[in-house]
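Mapping of the sequence shown onto the numbering used here: residues 12 to 268, in sequence order.
Since the structure comes first, as C-alpha coordinates, the remarks are kept for the end.
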Amino acid sequence: MGGARCVRASARSRHRLVRRYRIHLIERNAGMTNENGLLAKLMRGKTFAIRKSVVFALIGGILIGSGSVLFFQWYNPRDVPKSSAFDASLIMNRIVDRNEMVAASQDYTIVEKAGDRNKLFDLIEIPFTQNSFWYRYSGVIEATVDLSAARWNTKGETAITVVLPEPTTQNIPDMNVSGVLEERNNILNPIHVEDVDAFQRDCIAKSDQQAKEGGLLEQAKENARVNLQDMFDIACGKDVCKVEVEWVDQEDRLKGE
12 MGGARCVRAS
22 ARSRHRLVRR
32 YRIHLIERNA
42 GMTNENGLLA
52 KLMRGKTFAI
62 RKSVVFALIG
72 GILIGSGSVL
82 FFQWYNPRDV
92 PKSSAFDASL
102 IMNRIVDRNE
112 MVAASQDYTI
122 VEKAGDRNKL
132 FDLIEIPFTQ
142 NSFWYRYSGV
152 IEATVDLSAA
162 RWNTKGETAI
172 TVVLPEPTTQ
182 NIPDMNVSGV
192 LEERNNILNP
202 IHVEDVDAFQ
212 RDCIAKSDQQ
222 AKEGGLLEQA
232 KENARVNLQD
242 MFDIACGKDV
252 CKVEVEWVDQ
262 EDRLKGE
(Lines of atoms letter the chains of each structure in order from A; the text may use other names.)
(Lines give C-alpha, C1' and ligand atoms only; values in the text may rest on other atoms or scores of the structure.)
Protein backbone atom coordinates (compact mmCIF):
# COMPACT_ATOMS: atom_id res chain seq x y z
CA MET A 12 0.00 0.00 0.00
CA GLY A 13 2.76 2.36 0.91
CA GLY A 14 4.47 1.73 -2.42
CA ALA A 15 1.27 2.44 -4.37
CA ARG A 16 0.84 5.80 -2.62
CA CYS A 17 4.37 6.80 -3.45
CA VAL A 18 3.83 5.99 -7.11
CA ARG A 19 0.61 8.05 -7.27
CA ALA A 20 2.32 10.99 -5.52
CA SER A 21 5.16 10.91 -8.03
CA ALA A 22 2.71 10.84 -10.94
CA ARG A 23 0.82 13.83 -9.62
CA SER A 24 4.06 15.76 -9.18
CA ARG A 25 5.10 15.09 -12.77
CA HIS A 26 1.64 16.11 -13.95
CA ARG A 27 1.91 19.45 -12.10
CA LEU A 28 5.37 20.10 -13.53
CA VAL A 29 4.18 19.39 -17.08
CA ARG A 30 1.18 21.65 -16.65
CA ARG A 31 3.33 24.48 -15.25
CA TYR A 32 5.78 24.10 -18.13
CA ARG A 33 2.93 24.33 -20.65
CA ILE A 34 1.55 27.41 -18.91
CA HIS A 35 5.02 28.97 -19.00
CA LEU A 36 5.33 28.28 -22.75
CA ILE A 37 1.91 29.76 -23.40
CA GLU A 38 2.73 32.91 -21.42
CA ARG A 39 6.08 33.31 -23.16
CA ASN A 40 4.53 32.94 -26.60
CA ALA A 41 1.87 35.44 -25.65
CA GLY A 42 4.52 37.92 -24.49
CA MET A 43 6.48 37.57 -27.70
CA THR A 44 3.30 38.12 -29.71
CA ASN A 45 2.57 41.30 -27.78
CA GLU A 46 6.13 42.57 -28.30
CA ASN A 47 5.96 41.84 -32.02
CA GLY A 48 2.64 43.66 -32.28
CA LEU A 49 3.97 46.68 -30.41
CA LEU A 50 7.06 46.76 -32.63
CA ALA A 51 4.89 46.60 -35.75
CA LYS A 52 2.75 49.44 -34.45
CA LEU A 53 5.84 51.54 -33.77
CA MET A 54 7.21 50.88 -37.26
CA ARG A 55 3.88 51.75 -38.85
CA GLY A 56 3.76 54.99 -36.86
CA LYS A 57 7.31 55.95 -37.84
CA THR A 58 6.66 55.27 -41.55
CA PHE A 59 3.53 57.38 -41.42
CA ALA A 60 5.42 60.23 -39.76
CA ILE A 61 8.12 60.13 -42.46
CA ARG A 62 5.53 60.15 -45.24
CA LYS A 63 3.70 63.02 -43.60
CA SER A 64 6.95 65.06 -43.33
CA VAL A 65 7.73 64.50 -47.02
CA VAL A 66 4.24 65.62 -48.04
CA PHE A 67 4.47 68.74 -45.89
CA ALA A 68 7.91 69.55 -47.34
CA LEU A 69 6.61 69.26 -50.92
CA ILE A 70 3.59 71.42 -50.16
CA GLY A 71 5.82 74.02 -48.47
CA GLY A 72 8.20 74.13 -51.46
CA ILE A 73 5.32 74.65 -53.89
CA LEU A 74 3.89 77.47 -51.78
CA ILE A 75 7.27 79.21 -51.44
CA GLY A 76 7.95 78.98 -55.20
CA SER A 77 4.51 80.32 -56.11
CA GLY A 78 4.85 83.14 -53.61
CA SER A 79 8.25 84.14 -55.00
CA VAL A 80 6.92 84.33 -58.56
CA LEU A 81 3.95 86.45 -57.50
CA PHE A 82 6.20 88.72 -55.40
CA PHE A 83 8.60 89.48 -58.27
CA GLN A 84 5.70 90.12 -60.63
CA TRP A 85 4.14 92.60 -58.21
CA TYR A 86 7.44 94.14 -57.06
CA ASN A 87 8.88 94.64 -60.58
CA PRO A 88 6.01 95.96 -62.70
CA ARG A 89 6.44 96.77 -66.37
CA ASP A 90 8.14 100.06 -67.10
CA VAL A 91 5.77 102.76 -68.20
CA PRO A 92 7.20 104.42 -71.33
CA LYS A 93 7.69 108.16 -71.13
CA SER A 94 6.27 110.43 -73.71
CA SER A 95 8.59 111.14 -76.65
CA ALA A 96 7.92 114.90 -76.54
CA PHE A 97 9.03 115.13 -72.92
CA ASP A 98 12.16 113.12 -73.59
CA ALA A 99 13.03 115.23 -76.63
CA SER A 100 12.68 118.48 -74.71
CA LEU A 101 14.72 117.14 -71.82
CA ILE A 102 17.52 115.99 -74.13
CA MET A 103 17.55 119.25 -76.08
CA ASN A 104 17.71 121.32 -72.90
CA ARG A 105 20.81 119.41 -71.87
CA ILE A 106 22.33 119.89 -75.33
CA VAL A 107 21.62 123.63 -75.28
CA ASP A 108 23.40 123.89 -71.92
CA ARG A 109 26.64 123.02 -73.73
CA ASN A 110 26.37 126.44 -75.50
CA GLU A 111 28.76 125.58 -78.33
CA MET A 112 29.76 122.58 -80.40
CA VAL A 113 33.01 122.30 -82.34
CA ALA A 114 31.65 120.45 -85.35
CA ALA A 115 34.77 120.41 -87.56
CA SER A 116 38.35 121.67 -87.59
CA GLN A 117 41.20 122.01 -90.06
CA ASP A 118 44.92 122.58 -89.49
CA TYR A 119 46.83 124.87 -91.83
CA THR A 120 50.35 126.17 -92.44
CA ILE A 121 51.18 129.04 -94.78
CA VAL A 122 54.79 129.85 -95.72
CA GLU A 123 55.29 132.88 -97.95
CA LYS A 124 57.73 135.64 -98.75
CA ALA A 125 56.77 139.25 -98.26
CA GLY A 126 58.59 142.54 -98.95
CA ASP A 127 58.40 145.93 -100.57
CA ARG A 128 60.35 148.94 -101.90
CA ASN A 129 60.11 152.58 -101.16
CA LYS A 130 58.24 154.50 -103.82
CA LEU A 131 58.32 158.07 -104.93
CA PHE A 132 54.82 159.49 -104.93
CA ASP A 133 53.66 155.86 -104.67
CA LEU A 134 54.46 155.49 -108.35
CA ILE A 135 58.19 155.17 -108.92
CA GLU A 136 60.20 152.52 -107.04
CA ILE A 137 63.37 153.82 -105.46
CA PRO A 138 66.45 151.62 -106.10
CA PHE A 139 68.31 149.90 -103.27
CA THR A 140 65.32 150.08 -100.91
CA GLN A 141 64.12 146.47 -101.25
CA ASN A 142 63.42 144.50 -98.05
CA SER A 143 61.91 141.02 -97.60
CA PHE A 144 61.19 138.28 -95.11
CA TRP A 145 59.99 134.69 -95.12
CA TYR A 146 57.16 134.04 -92.69
CA ARG A 147 55.44 130.87 -91.54
CA TYR A 148 51.92 131.11 -90.17
CA SER A 149 50.30 127.98 -88.63
CA GLY A 150 47.09 127.37 -86.75
CA VAL A 151 43.73 125.63 -86.76
CA ILE A 152 40.36 126.73 -88.05
CA GLU A 153 37.36 125.53 -86.03
CA ALA A 154 33.82 125.50 -87.37
CA THR A 155 31.49 125.91 -84.39
CA VAL A 156 27.72 125.75 -83.95
CA ASP A 157 25.92 128.00 -81.46
CA LEU A 158 23.74 125.52 -79.54
CA SER A 159 22.34 128.20 -77.23
CA ALA A 160 20.32 129.55 -80.18
CA ALA A 161 18.76 126.17 -80.99
CA ARG A 162 15.01 125.85 -81.48
CA TRP A 163 13.15 122.59 -82.00
CA ASN A 164 9.78 120.97 -82.46
CA THR A 165 8.73 117.34 -82.43
CA LYS A 166 7.09 115.56 -85.34
CA GLY A 167 4.84 112.90 -83.90
CA GLU A 168 6.55 110.49 -81.53
CA THR A 169 9.54 109.43 -83.62
CA ALA A 170 11.12 112.58 -85.08
CA ILE A 171 12.38 116.00 -84.05
CA THR A 172 13.41 119.01 -86.14
CA VAL A 173 16.20 121.18 -84.73
CA VAL A 174 16.76 124.69 -86.10
CA LEU A 175 20.36 125.92 -85.76
CA PRO A 176 22.29 128.98 -86.99
CA GLU A 177 24.87 128.43 -89.71
CA PRO A 178 28.31 127.33 -88.46
CA THR A 179 30.90 130.03 -87.98
CA THR A 180 34.69 129.76 -88.28
CA GLN A 181 37.26 130.68 -85.68
CA ASN A 182 40.93 131.00 -86.58
CA ILE A 183 43.29 130.00 -83.76
CA PRO A 184 46.99 130.63 -84.57
CA ASP A 185 49.78 128.54 -83.12
CA MET A 186 52.33 131.16 -82.15
CA ASN A 187 54.78 128.51 -80.96
CA VAL A 188 55.26 127.56 -84.61
CA SER A 189 54.42 130.79 -86.43
CA GLY A 190 57.06 133.45 -86.98
CA VAL A 191 59.74 134.90 -89.26
CA LEU A 192 61.96 132.26 -90.86
CA GLU A 193 64.34 134.60 -92.69
CA GLU A 194 64.53 138.32 -93.27
CA ARG A 195 66.52 140.82 -95.38
CA ASN A 196 66.32 144.12 -93.67
CA ASN A 197 67.31 147.39 -95.31
CA ILE A 198 68.58 150.49 -93.62
CA LEU A 199 66.88 152.63 -96.23
CA ASN A 200 63.63 150.67 -95.84
CA PRO A 201 63.56 148.72 -92.55
CA ILE A 202 60.94 146.08 -91.80
CA HIS A 203 58.30 147.41 -89.42
CA VAL A 204 55.98 145.60 -87.03
CA GLU A 205 53.06 146.88 -89.06
CA ASP A 206 54.39 144.97 -92.06
CA VAL A 207 54.34 141.69 -90.11
CA ASP A 208 50.87 142.36 -88.70
CA ALA A 209 49.51 143.08 -92.16
CA PHE A 210 51.03 139.84 -93.44
CA GLN A 211 49.42 137.90 -90.56
CA ARG A 212 46.01 139.35 -91.38
CA ASP A 213 46.51 138.32 -94.98
CA CYS A 214 47.37 134.75 -93.89
CA ILE A 215 44.25 134.54 -91.72
CA ALA A 216 42.01 135.70 -94.56
CA LYS A 217 43.66 133.28 -96.97
CA SER A 218 43.33 130.30 -94.59
CA ASP A 219 39.66 131.09 -93.91
CA GLN A 220 38.94 131.22 -97.62
CA GLN A 221 40.75 127.93 -98.24
CA ALA A 222 38.80 126.24 -95.43
CA LYS A 223 35.44 127.39 -96.77
CA GLU A 224 36.32 126.43 -100.33
CA GLY A 225 37.48 123.04 -99.04
CA GLY A 226 34.03 122.26 -97.61
CA LEU A 227 34.74 122.80 -93.91
CA LEU A 228 31.33 124.37 -93.24
CA GLU A 229 29.46 121.58 -95.03
CA GLN A 230 31.42 119.01 -93.04
CA ALA A 231 30.56 120.88 -89.84
CA LYS A 232 26.85 120.74 -90.65
CA GLU A 233 26.94 117.00 -91.27
CA ASN A 234 29.00 116.35 -88.14
CA ALA A 235 26.60 118.43 -86.05
CA ARG A 236 23.62 116.43 -87.32
CA VAL A 237 25.40 113.13 -86.64
CA ASN A 238 26.40 114.26 -83.15
CA LEU A 239 22.83 115.25 -82.31
CA GLN A 240 21.54 111.94 -83.63
CA ASP A 241 24.09 110.05 -81.54
CA MET A 242 22.98 111.92 -78.41
CA PHE A 243 19.36 110.97 -79.02
CA ASP A 244 20.33 107.36 -79.77
CA ILE A 245 22.17 107.15 -76.45
CA ALA A 246 19.29 108.72 -74.51
CA CYS A 247 16.30 107.10 -76.25
CA GLY A 248 17.70 104.02 -77.97
CA LYS A 249 19.01 103.32 -81.45
CA ASP A 250 16.76 104.72 -84.22
CA VAL A 251 13.94 105.54 -81.77
CA CYS A 252 13.95 109.25 -82.62
CA LYS A 253 15.11 110.64 -85.97
CA VAL A 254 16.83 114.05 -85.85
CA GLU A 255 16.47 116.53 -88.72
CA VAL A 256 18.42 119.81 -88.77
CA GLU A 257 17.42 123.04 -90.49
CA TRP A 258 20.08 125.73 -90.91
CA VAL A 259 19.30 129.45 -90.88
CA ASP A 260 21.57 132.40 -91.60
CA GLN A 261 22.60 134.30 -88.50
CA GLU A 262 21.40 137.64 -89.89
CA ASP A 263 18.05 136.18 -90.98
CA ARG A 264 17.60 134.66 -87.53
CA LEU A 265 18.24 138.01 -85.85
CA LYS A 266 15.78 139.75 -88.19
CA GLY A 267 13.17 137.09 -87.41
CA GLU A 268 13.56 137.71 -83.70
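Note that CB positions come from ideal geometry on N, CA and C, so glycine has one too.
Per DSSP, which residues does residue i bridge with? Please list them.
| i | result |
| --- | --- |
| ASN288 | There is no way to answer for residue 288, as the model of the chain reaches only from 12 to 268. |
| PHE144 | ALA125 and GLU194 |
| SER116 | GLU153 |
| GLN253 | The residue asked about is misnamed: residue 253 is Lys in this sequence, not Gln. Looking at the DSSP assignment, LYS253 forms a beta bridge with ALA170. |
| LEU131 | ILE135 |
Looking only at its own chain, which residues have a Cβ that is under 7 Å from the Cβ of residue i, when we skip the five neighbours before and after it?
| i | result |
| --- | --- |
| ASN187 | none |
| ILE202 | ASN142, PHE144, GLU194 and ASN196 |
| THR44 | Confidence at THR44 is low in this model, with a pLDDT of 49, below 50, so the placement of that residue is unreliable and no value is reported for it. |
| LEU158 | ILE106, VAL107, ARG109, ASN110, GLU111 and MET112 |
Enumerate in chain order the residues of its own chain whose CB-to-CB distance from residue i is below 8 Å, with the five nearest sequence positions on each side excluded.
| i | result |
| --- | --- |
| GLN240 | LYS253 and VAL254 |
| GLU224 | none |
| ASN238 | MET112 and ALA114 |
Do you know whose CA, among the options, lies nearest residue i's CA?
| i | options | result |
| --- | --- | --- |
| VAL256 | ALA125, PHE210 and GLU229 | GLU229 |
| GLN181 | GLY248, ALA115 and SER100 | ALA115 |
| ILE137 | VAL204, LEU199 and VAL251 | LEU199 |
| TRP258 | VAL251, ALA161 and LEU134 | ALA161 |
| LEU101 | GLU123, ILE171 and ILE121 | ILE171 |
| GLU153 | PHE139, ASN164 and GLY226 | GLY226 |
In angstroms, rounded to a whole number, what distance separates the CA positions of residue i and residue j?
| i | j | result |
| --- | --- | --- |
| GLY150 | ASP213 | 14 Å |
| PHE243 | SER218 | 35 Å |
| VAL207 | LEU192 | 12 Å |
| MET103 | VAL173 | 9 Å |
| TYR148 | VAL156 | 26 Å |
| CYS247 | PRO176 | 25 Å |
Take residue i and list the residues in its own chain whose beta-carbon comes closer than 6 Å to its own, dropping the five residues that flank it on each side.
| i | result |
| --- | --- |
| ASP118 | VAL151 |
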